[in-house]
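Asker:
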Amino acid sequence: MHEVEKLGQQHVQPDHPPEPDDLAVICYTSGTTDAPKGVMLSHENIVANFSTIMFHLDEYHIANTDVLISYLPLGHMFERVCEVLVIV
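In this note's numbering, the protein residues as written are 753 to 840.
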């Protein structure tokens, strides 16, 4: 791994943070009403989602000792949001 780190130090690339409209994730629908489709979500979509949840988070009294147990598949967008909230 040290060799890889050394290569990275020798070939420094400029930082290119994403723009709000840049694609963040393609979340595939379950196909409940039709064939599954890839839904493209931008960084702005994801931030808006988290902002709304964070605004209401105090109502739920979530502590850093709480544990998330979910039956939703990882590909489910709400599951992804919950996992990131637990990490944050």
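The beta carbon of each residue, even a glycine, is placed where N, CA and C say it ideally should be.
Here the structure is a predicted model, which means the values were calculated and not measured.
In whole angstroms, what separates the C-alpha of Leu820 from that of Lys758?
Answerer: The straight-line gap from Cα to Cα measures roughly 38 Å.
Asker: Just grab the DSSP bridge partners of Cys834 for me.
Answerer: Partner(s): none; Cys834 has no beta bridge.
Asker: Mind checking who Tyr780 pairs with in its DSSP beta bridge?
Answerer: Paired residues: Gly790.
Asker: With DSSP collapsed to three states, give me the class of Leu820.
Answerer: Of the three classes helix, strand and coil, the one that applies to Leu820 here is coil, per DSSP.
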